[in-house]
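Numbered per mature numbering (1 follows the signal peptide of the UniProt record, and there is no 0), the sequence shown spans residues -19 to -1, 1 to 435.
Where is the CB? At the ideal position from N, CA and C, for every residue including glycine.
Below is one structure, written out as structure tokens; comments come after it.
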Amino acid sequence: MRQGLVALVLLVASAAACASPAASAFAGDVRVALRHVDAGKQLSRPELIRRAAQRSKARAAALSAVRGRSGGGARFSGASEQQQQAPRGTPVRPSGDLEYVVDLAIGTPPQHVSALLDTGSDLIWTQCAPCTSCLAQPDPVFAPAQSASYEPMRCAGPLCADILHHGCLRPDTCTYRYNYGDGTTTMGVYATERFTFTSSSGDVLNVPLGFGCGSMNVGSLNNGSGIVGFGRNPLSLVSQLNIRRFSYCLTPYASGRRSTLLFGSLADGVYGDATGPVQTTPLLQSPQNPTFYYVHLTGLTVGARRLRIPESAFALQPDGSGGVIVDSGTALTLLPGAVLAEVVRAFRVQLRLPFANGSSPDDGVCFMVPEAWRRASSTTSQVPVPRMVFHFQGADLDLPRRNYVLDDHRRSRLCLLLADSGDDGSTIGNLLQQDMRVLYDLQAETLSFAPAQC
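Structure (structure tokens):
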């Protein structure tokens, strides 16, 4: 089997027996290595972030489409007419342009699959042969005919009814269609299969999971073969294995270090590498958008001043609009237009720098570093910037500079890693979460975080 499959630590010898679709408990302990979709491309940090920012635009449109269907939120201007006019009964998830890849194996014998991690959707799926319409992917397409453990799910199966768009076009076989907000769609047979997680020491966890075997797929799979949904609905990996806690630590894109994702009791006591205090805030849920992980953001500070932004600007509304999502698949942090304008105004007043001329929309909001600074230093990182703090219910996230500022030395600019969400909702992106241990406790319904050297 290819080296680099997910790292696993097994603390319970019988873990393989306990996992199944809609399992009652997850007793294994898994340490999964994550890699960024642009890893190994020899790109500079500004180049990596510009590429991620382009993907964030598609993600923002998709998230806006989801929230817009739930309530009265405004549509993102980049959303297609089809997305804006789709009927409310049509489920839409964020886009397939995601940021982190999980290497795993499916089938008996195992076939390697590179799946994109998505905390904003639920379905686990990969492209399958024979493929009527398949997207470009880095691995051979999964061949169910070569697996002894592949079994199409019956229409009365435990998860078939959880797929809103499912059918029984073939005799007693569950078929599905799953849509993402950027237009990416997968269709095929919903099946059960063995998923293998292998450690470098040779320990193996082999569990059955329900997954989509996509033979007709359109849209985008950014350097992946499929998607592993980590949302809160029954189809996700989290729900199928009944994972009570999971944690990740995301490394900076250009660091060369692997990010990690932990399940089970390994997610307990994960703060041995913390370099600062652990803080905890409640997780919120929306019946209209049950997949997402919402948190209660109460305000923002730029420099020494807490901005005069009403707490209602971040509130999750009863109709499912608004709210603040924590998302692994979005790079930039997305804020409603009025909130972003107030943040930018505060930075401009305190920086006393002009906006950069001719900056690309993909660069976000950028300020030009004056000639005096450029002569005095070869790096824009010497220019002092105001601190930025996100205030959550019961927790304050005081950000390191690199989590909200791009120092573009070559073009002598400072860029904020923020963008307009396109509606009245907000998204905490993965750049803001880098070098931070983040723990989702689904039993206590809390999100905890602490700075760490991932």
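Taking the continuous beta strand (DSSP E) assigned at L423, which residues delimit it? No beta strand (DSSP E) holds L423; DSSP gives it neither H nor E.
3 or more residues per run - each beta strand (DSSP E) lying fully within the stretch 213 to 253: 226 to 230 and 240 to 244
Coarse secondary structure for S267, derived from DSSP in three states: coil
F176 (DSSP reduced to helix, strand or coil): strand
Cβ shell of residue 455 (< 7 Å), same chain only, five flanking positions each side left out: Residue numbering for the chain in the displayed model covers -19 to 435; residue 455 lies beyond these limits and cannot be assessed.
So what does DSSP say about V366, is it helix, strand or coil? coil
Do you know offhand how far P2's Cα is from D401's? Note that P2 has pLDDT 45, beneath the 50 cutoff, so the model's placement of it is unreliable and the number below is only indicative. Distance between the alpha carbons of P2 and D401: 38 Å.
Across which residues does DSSP place C109 in a beta bridge pair? F123
Is it true that the CB of C109 sits closer than 8 Å to the CB of F123? yes
P291 versus F430 - alpha carbon distance: 24 Å
Which word fits F192, buried or exposed, when buried means at least 16 other C-beta atoms lie within 10 angstroms of its C-beta? buried
Helix, strand or coil for C155? Go by DSSP, reduced to three states. strand
Measuring only the C-alpha atoms, how far is L(-9) from I224? Below a pLDDT of 50, predicted positions are generally treated as unreliable, and L(-9), at 32, falls in that range; no measurement from the model is reported.
Whose CA, out of Y229, Y234 and L247, lies closest to the CA of T241? Y229
Measuring CA to CA, which of L218, S236, F227 and S102 is closest to Q23? S236
Can you tell me where the beta strand (DSSP E) with L297 in it begins and where it stops? Counting along the chain, L297 falls outside any beta strand (DSSP E), and DSSP gives it neither H nor E.
Find out if the Cβ-Cβ distance for the pair T256, L413 is shorter than 8 Å. no
A117 classed as buried or exposed, judged by whether at least 16 other C-beta atoms fall within 10 angstroms: exposed
For the beta strand (DSSP E) that contains V283, what are its first and last residues? L278 to V283
Which one or two residues does DSSP pair with L24 in a beta bridge? Per DSSP, none; premise fails for L24.
When the Cα of S293 is compared with those of A285, T232 and H277, which residue comes out closest? H277
What's the call for G403, buried or exposed, on a 16-neighbour Cβ count within 10 Å? buried
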